[in-house]
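K.L.:
I'd like to ask some things about the structure below.
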Amino acid sequence: MSQVAETSGAPAAPAPDASYDGLRLRNLTKSFGAFTAVDDLDLDVPRGSFFALLGPSGCGKTTTLRMVAGLETPTSGSITLAGQDITYAKPYKRPVNTVFQSYALFPHLDIHENVAFGLKRRKAKEVDAQVKEMLDLVELGVQARKRPTQLSGGQQQRVALARALINKPEVLLLDEPLGALDLKLRRSMQIELKRIQVDVGLTFIHVTHDQEEAMTMADTVAVMNQGVIEQMGSPADLYENPRSTFVANFLGQSNLIEGRITNRAADLVTVDMQGIGVSIPADRAHADGDMGWVGIRPEKVLIGEPGATLDAPGNTIPGGVISDVSFVGVSTQYLVRMPWGQEIQVFAQNTGRTRLFAQGESVELSWRPEYAFLLDHAQDATAGAQKDDA
Amino acid sequence: MRWIRNNLVLLLGIAVLIYTFIPIAIVILMSFNDPNSRLIYSFDGFTLYNWQNPCEPDGMCGALWTSIKVGFLATLFSTILGTLAAFALVRHDFQGRSSSNLLIFMPMAAPEIVMGSSLLALFVAAGFAGQLGFWTILIAHIMFCLSFVVVTVRARLAGLDDNLEQAAMDLYATPSQTFWRVTFPLVFPGILGAALLSFSLSFDDFIITNLNAGNTTTFPMFVWGAAQRGVPMQVNVVGTLMFMIAILIVVGGEVTSRRRNAKLA
Chain C
1 MSQVAETSGA PAAPAPDASY DGLRLRNLTK SFGAFTAVDD LDLDVPRGSF
51 FALLGPSGCG KTTTLRMVAG LETPTSGSIT LAGQDITYAK PYKRPVNTVF
101 QSYALFPHLD IHENVAFGLK RRKAKEVDAQ VKEMLDLVEL GVQARKRPTQ
151 LSGGQQQRVA LARALINKPE VLLLDEPLGA LDLKLRRSMQ IELKRIQVDV
201 GLTFIHVTHD QEEAMTMADT VAVMNQGVIE QMGSPADLYE NPRSTFVANF
251 LGQSNLIEGR ITNRAADLVT VDMQGIGVSI PADRAHADGD MGWVGIRPEK
301 VLIGEPGATL DAPGNTIPGG VISDVSFVGV STQYLVRMPW GQEIQVFAQN
351 TGRTRLFAQG ESVELSWRPE YAFLLDHAQD ATAGAQKDDA
Chain V
1001 MRWIRNNLVL LLGIAVLIYT FIPIAIVILM SFNDPNSRLI YSFDGFTLYN
1051 WQNPCEPDGM CGALWTSIKV GFLATLFSTI LGTLAAFALV RHDFQGRSSS
1101 NLLIFMPMAA PEIVMGSSLL ALFVAAGFAG QLGFWTILIA HIMFCLSFVV
1151 VTVRARLAGL DDNLEQAAMD LYATPSQTFW RVTFPLVFPG ILGAALLSFS
1201 LSFDDFIITN LNAGNTTTFP MFVWGAAQRG VPMQVNVVGT LMFMIAILIV
1251 VGGEVTSRRR NAKLA
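In structure tokens, the structure reads:
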């Protein structure tokens, strides 16, 4: 799996370590006894990017972050930042600051003193003026003399951010920084964080298990699972062209249908999917053997009455029966039972062009071949699926 | 009837407070007593004489001074040693940590009379039989204060969020800056509490002290001895003073924290 990260992570000829100006992790491994939390990880984070490390809890993303911060010592491998090897540097000697999940604000200091902490340790000049400016940036200027416990969760979160940002680190690490906030506050903080990142132009590495949060904020997302990076790329790239069943299921939802590969042409792979021939562009086919999982996102599946013309030059898959309908307003979610017994999810936008179907009705499905993807059959088709989303 | 039912909790609370404060009130009252006889303990008339001549009873102020010296030194040593021990027990994983954690409770759990007599046996066996006095009292007091310090500081330290120290280091604080700027200020209330507790434990200990004191007399020992012959009224002066100092510390702490909160609000 690590070769996936290598091929997608580093360009064909990566810059040598000494001249790379971003953060580079090479063969990074961290074991706790017999358990390997991070397994031979290679990662390049370009300078100035908003990078998200996305994965379920226990996938090793926080351990990776803590190694970059210096709070955890790698078992092997190296970390270089702007050409400097910082693998074993003490945390207080790294140009890296962290926004902790629990904020970790100093309860015995007021907001002003909290934010000034890093500057004072480095004997910076004009500390008060800088702190004032930073508190204004996060809109907490009037709260400067309060103690952390007197602020709300969202305000504490902004203090934690200000306390790290004021040091102008090479890399700002954010460990699930919005995890403790309620949904509405989280949405507005996401926008705020993104705005601040663009304003200050620092490298942000954001660790999260919330795929929506990672996709809205980051320009590059690395999906991590069991200590390795499954896939890395822009949010749209990951979503549209997942390379593994884990990514397909963890980022949004996917229908994965078993099929036999019948022909591999230069630009098109043909698959016999339960007796129906479907084609998939070669650059979206990531299966090695004879068998594969044909993947299609629920919103890419078109639904219609038997014999109706669907807007798709692809094949029509007949014989579906609607087994469940949930109307959510902007869209309708159908579960369609196919002749081979599998239930396919379909999200239909309520544009008014098509009527709503009722449970028990016979329908046909279709999709454009360029939206489908093909995954390796050796992978677990349910890997990464979130039960509470279903 | 209805009024009593509605205010029962309040009434009970007041009753309990009265019950606790009557002895203290008697002590304060008696410090102004002008007794007719040393043997009958009753209020015979108001006077300021006891307050103007506090050191009149033979040996009382000497005993008081001994108690203060022992209390101060025992507090100093047990607080330093106990704080260091608490850090070791919470922060470092070493062989025998869990048994140390258990053993530290022993002096608190063992009856004082057992602790006192075994210490005496130890001192005698070690050949200090002729030198019992100030130093053996001090050693005994440090010993029993130590457990209370360790337990108090350890509780405070265990409740401390690890992330705070990591955050300090992440914000360029060296290990010693992290300790003095973050760890110590946050643990300090626990250390202060432990020190106050140590002083009051040391100041009024009688059983262990009496067994290991030799010819030295502490204030509790003086009071006990005097009680056989009739307690001089000046004892009440000392008692009142101690009570007032304790009240001042508590009220002072409360006022500072209220003032700080008021300034912030």
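Same order as they appear, the protein sequences are chains C and V.
Take the first sequence: its position 388, counted from the start at 1, is 388 in the working numbering, and no numbers get skipped.
Each position in the second sequence, counted from 1, maps to that position plus 1000 in the working numbering.
Every residue gets a Cβ at the ideal spot worked out from N, C-alpha and C, and that includes glycine.
The structure presented is a predicted model; accordingly, all values stated were derived computationally and were not measured.
1. Just to confirm the assignment: which complete beta strand (DSSP E) runs, minimum length 3, are found wholly within the segment 68-147 of chain C?
2. Kindly confirm or deny that the segment 56-64 of chain C and the segment 28-45 of chain C touch, where touching means at least three C-beta pairs closer than 8 Å.
3. Got a sec? Which residues, its chain only, sit under 6 Å from Gly384(C) by beta carbon, not counting five neighbours each side?
4. Please confirm if Asn350(C) has its CB atom under 8 Å from at least one CB of chain V.
5. From the beta carbon of Pro91(C), is the nearest beta carbon of chain V less than 8 Å away?
6. Short of 6 Å in beta carbon distance, which residues of its chain neighbour Leu41(C), apart from the five on each side in sequence? Order them along the chain.
7. Which residues in the same chain have their Cβ closer than 6 Å to the Cβ of Gln333(C), if we skip the five residues on either side of it in sequence?
8. Kindly confirm or deny that the segment 199-209 of chain C and the segment 171-187 of chain C touch, where touching means at least three C-beta pairs closer than 8 Å.
9. I want to verify the contact list: residues of chain V whose CB lies under 8 Å from the CB of Arg122(C), in sequence order.
10. Cβ of Ala1063(V) less than 8 Å from any chain C Cβ?
11. For chain V, find out if any of its Cβ atoms is closer than 8 Å to the Cβ of Gly118(C); answer yes or no.
12. Determine, using beta carbons only, whether Arg158(C) comes closer than 8 Å to chain V.
13. For Val1182(V), which residues in chain C fall below 7 Å Cβ to Cβ?
14. At what residues does the alpha helix (DSSP H) containing Ala1227(V) begin and finish?
15. Can you tell me whether Tyr1019(V) is helix, strand or coil according to DSSP?
16. Identify the contact partners of Phe100(C) in chain V, using a Cβ-Cβ distance below 7 Å as the criterion.
17. From this set, Val1182(V), Phe1219(V), Gly1193(V), which residue's C-alpha is nearest Ile1249(V)'s C-alpha?
18. Please report how far the alpha carbon of Gly1133(V) lies from the alpha carbon of Gly1214(V), in whole angstroms.
19. Which residues of chain C have a Cβ atom closer than 9 Å to the Cβ of Leu1186(V), listed in chain order?
20. Identify the contact partners of Leu71(C) in chain V, using a Cβ-Cβ distance below 8 Å as the criterion.
21. From which residue to which residue does the alpha helix (DSSP H) around Thr1178(V) run?
22. What would DSSP say about Ala236(C), mapped onto helix, strand or coil?
23. Are the segment 251-265 of chain C and the segment 285-303 of chain C touching, with three or more C-beta to C-beta distances below 8 Å?
24. Strictly below 7 Å CB to CB, what residues from chain C border Gln1131(V)?
25. Go through its chain and collect everything with a Cβ distance to Arg1156(V)'s Cβ below 6 Å, but skip five positions before and after it.
26. DSSP three-state label for Ser323(C), please.
27. Tell me, please, which residues DSSP counts as bridged to Asp175(C).
28. Residues of chain V with a CB under 9 Å from the CB of Arg163(C): which are they?
P.N.:
If we stick to the structure as given:
1. Listed in chain order, the complete beta strand (DSSP E) runs (minimum 3 residues) inside the segment 68-147 of chain C are 76-81, 96-99.
2. Here the segment 56-64 of chain C makes contact with the segment 28-45 of chain C; the two share three or more CB pairs at distances below 8 Å.
3. To locate residue 384(C), count along the first sequence from 1; it is residue 384. If we look at Gly384(C) and ignore the five residues flanking it on each side, its Cβ neighbours are Phe246, Asn249, Phe250.
4. Walking along the first sequence from the start, residue 350(C) turns up at place 350. Residue-level contact by beta carbon fails for Asn350(C) and chain V, as no gap is shorter than 8 Å.
5. For the purposes of this step, residue 91(C) is taken as residue 91 along the first sequence, with counting starting at 1. Yes, contact with chain V.
6. The residue you call residue 41(C) lines up with position 41 of the first sequence. Result list for Leu41(C): Leu25, Leu28, in chain order.
7. Stepping through the first sequence from its first residue, residue 333(C) is reached at position 333. Around Gln333(C): Ser326, Phe347.
8. Segments in contact, yes.
9. By one-based count along the first sequence, residue 122(C) stands at place 122. The contacting residues are Tyr1172.
10. Numbered from 1 along the second sequence, position 63 holds the residue referred to as residue 1063(V). At least 8 Å separates the CB of Ala1063(V) from every CB of chain C.
11. As a first step, residue 118(C) must be located in the first sequence, where it is residue number 118. For Gly118(C), at least one C-beta of chain V is nearer than 8 Å to its own C-beta.
12. For the purposes of this step, residue 158(C) is taken as the residue at position 158 of the first sequence. Cβ-Cβ to chain V under 8 Å: no for Arg158(C).
13. Indexing the second sequence from 1 puts residue 1182(V) at position 182. Phe106, listed in chain order.
14. Taking the first residue of the second sequence as 1, we reach residue 1227(V) at position 227. That run of the alpha helix (DSSP H) goes 1219-1229.
15. The count along the second sequence starts at 1 and reaches residue 1019(V) at position 19. Helix at Tyr1019(V).
16. If you number the first sequence from 1, residue 100(C) lands on position 100. For Phe100(C), the chain V residues whose C-beta falls within less than 7 Å of its own C-beta are Asn1163, Ala1167, listed in chain order.
17. Reading the second sequence from its first residue, position 249 is the one you call residue 1249(V). That would be Gly1193(V), whose Cα lies nearest to the Cα of Ile1249(V).
18. On the second sequence, position 133 is the one that residue 1133(V) refers to. On the second sequence, position 214 is the one that residue 1214(V) refers to. Roughly 5 Å separates the two Cα atoms.
19. Start at 1 with the first residue of the second sequence, and residue 1186(V) comes out as number 186. Neighbours of Leu1186(V) on chain C, chain order: Phe106, Pro107, His108.
20. Numbered from its first residue, the first sequence carries residue 71(C) at position 71. Below the 8 Å Cβ cutoff, chain V contributes Gln1166, Met1169, Asp1170 as neighbours of Leu71(C), in chain order.
21. As a first step, residue 1178(V) is located in the second sequence; it is residue number 178 there, counting from the start. From DSSP, the alpha helix (DSSP H) with Thr1178(V) extends over 1175-1178.
22. Locating residue 236(C) in the first sequence gives position 236, counting from the first residue. The three-state secondary structure of Ala236(C), taken from DSSP, is helix.
23. Cβ pair count under 8 Å is three or more, so yes.
24. Position 131 of the second sequence, counted from the first residue, corresponds to residue 1131(V). Within chain C, no residue has its CB atom less than 7 Å from the CB of Gln1131(V), the nearest being about 46 Å off.
25. Here residue 1156(V) refers to the residue found at position 156 when the second sequence is read from its first residue. Sequence-distant Cβ neighbours of Arg1156(V) in its own chain, meaning closer than 6 Å and more than five residues away, are Val1187, Gly1190.
26. As a first step, residue 323(C) is located in the first sequence; it is residue number 323 there, counting from the start. Reduced to three states, the DSSP call for Ser323(C) is strand.
27. In the first sequence, counting from the first residue as 1, residue 175(C) sits at position 175. Asp175(C) is bridged to Val207(C).
28. Position 163 of the first sequence, counting from 1, holds the residue named residue 163(C). Here the neighbours are Ala1167, Leu1171.
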